[in-house]
Amino acid sequence: MQAPAVAGVASDNSRVCTVCVALLGQQGKIEDMLEGGDLESNEVDFAGWASLMDKLEVQATEPDKQAIFSMIDTEGSGTIDVGGLKRALRSSGVIQTMYDDSLKTFGLLLAATLAFDGGVWALQGGAAAFDFLAAYFIEDSLSVDNLFVFLLIFRYFKVPPQLVDTCLNYGITGSILLRGVFIFAGLAATSAFAPLLLGFSVFLLFSSYQLLTGGEEEDEEDELPEIVTKLLDALPITGTFEGERLAVPRADGSKGWELTQLTATLVSIALCDVIFAVDSSPPCSP
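Residue numbers (this note's numbering): 21 to 306.
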């Protein structure tokens, strides 16, 4: 069965890239399905491809499924080899395009940071410029954990690709604000009571020890912190995404509103940011 043509519908490139990354993350499940006989053959037509994506719970619109199928089916045969999906996606150029865009964005941000640091040097001197640059690189390294938090939350809530950018924009903005709050709160606290730095140091050492020694015991995939799940259980949540809407009227017609799955995702990101932002205070304190 040939992938159907959809007139007047163009798939968003960034969204298709996001779906492709999600598919790469499901490569292990595809291999298990092939070995277990859940798939009759490595070769599937468009209908089989769409069904496979639904089984993998990869959220995608029909135009996106069609675009990815056509991208992999370079020969136009109407079938693709799902066993070679990883190789086909990588050779399609979509992953390389994402890498290139990411490197360009990183380069622009780094250039802007260095330009700002140059302004600090011109106005405040070399010592202030060095302090800013040191704090920047420390915070940049500490914020890497947010990437894994976002990935965990997106997988947990099965965020559709078309809403990933929305969640990232809100999430990154929230991360910046929360880290700023913790940095300035930490500076104020340690300035008022310098021995507090010892408490921060003990906290970080204890956290590092737990990470090094307790990883295997608590290795539960796609599990959010208990404090987050308890809060979500207490909130009236629909359990479904309603576009970019944060709340919708109650389905039973009664007065009031229910929060959408998008709100639950953003609440989880904010709470996890609070948990991880605690590490921002000690490194940026004098």
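Using N, Cα and C, we set each Cβ at its ideal position, and we do this for glycine too.
Since this is a predicted model, take the numbers as computed values, not measurements.
By the C-beta density criterion, Gly113 is exposed, having fewer than 16 other C-beta atoms within 10 angstroms. In this structure, Leu72 sits near Val102, with a CB-CB distance shorter than 8 Å.
No residue range can be given for Pro215, since it is assigned to no beta strand (DSSP E) and is classified by DSSP as neither H nor E.
Per DSSP, the continuous beta strand (DSSP E) segment holding Val268 begins and ends at 267-269. Contact check between the stretch 244-254 and the stretch 282-296: three or more CB pairs, one atom from each, fall below 8 Å, which counts as touching.
Secondary structure at Asp160: helix, using DSSP grouped into helix, strand and coil. If you look at Leu279, you'll find it in the beta strand (DSSP E) that goes 277-279. Residue pairing by DSSP places Glu60 in no beta bridge whatsoever. Between Val164 and the set Gly206, Ser195, Phe177, the nearest pair of CA atoms involves Ser195. Across the set Ala271, Thr280, Lys275, Phe261, the C-alpha of Thr280 shows the shortest separation from the C-alpha of Leu255. By alpha-carbon distance to Asp65, the top candidate from Thr99, Pro181, Gly259 is Thr99. The three-state secondary structure of Asp293, taken from DSSP, is helix. By the Cβ criterion, the stretch 191-207 is not in contact with the stretch 271-278, since fewer than three pairs of Cβ atoms, one from each stretch, lie closer than 8 Å.
The DSSP-derived three-state label of Asp272 is coil. Segment contact: the stretch 82-95 against the stretch 36-54, three or more CB-CB distances shorter than 8 Å; contact assigned. Annotated as proximal: Pro180 and Gln79, with beta-carbon spacing under 8 Å. DSSP places Leu128 inside the alpha helix (DSSP H), whose first and last residues are 114-144.
Here Leu54 has Asn62, Val102, Gly103 as same chain residues with Cβ atoms under 8 Å from its own Cβ, once five neighbours each way along the sequence are excluded. Inter-residue distance for Met118 and Ala132 is about 21 Å (C-alpha atoms, whole angstroms). The alpha carbon of Leu172 has as its nearest neighbour, out of Leu218, Cys187, Ser111, the alpha carbon of Cys187. By the criterion of a C-beta distance shorter than 6 Å, Val140 is surrounded in its chain by Ala148, Ala149, Phe152, once the five residues flanking it on both sides are discounted. Non-local beta-carbon contacts of Gln47 in its own chain, meaning distances under 7 Å to residues more than five positions away in sequence, involve Leu105, Lys106 in chain order.
Asp101 is bridged by DSSP to Glu63. Residue environment: Leu129 is assigned as exposed (fewer than 16 neighbouring CB atoms within 10 Å of its CB, all protein chains considered). For the 8 Å CB-CB criterion, Leu183 and Phe261 form a contact. For Phe177 against Gly191, the beta-carbon gap comes to about 12 Å, at or over 8 Å, which does not count as contact. Closest in C-alpha terms to Ile257, from the list Ile247, Arg270, Glu264, comes Arg270. With at least 16 other beta carbons inside 10 angstroms of its own, Thr283 counts as buried. For Cys40 against Ile115, the beta-carbon gap comes to about 7 Å, under 8 Å, which counts as contact.
The beta-carbon separation of Ala209 and Leu216, rounded to 5 Å, stays under the 8 Å limit for a contact.
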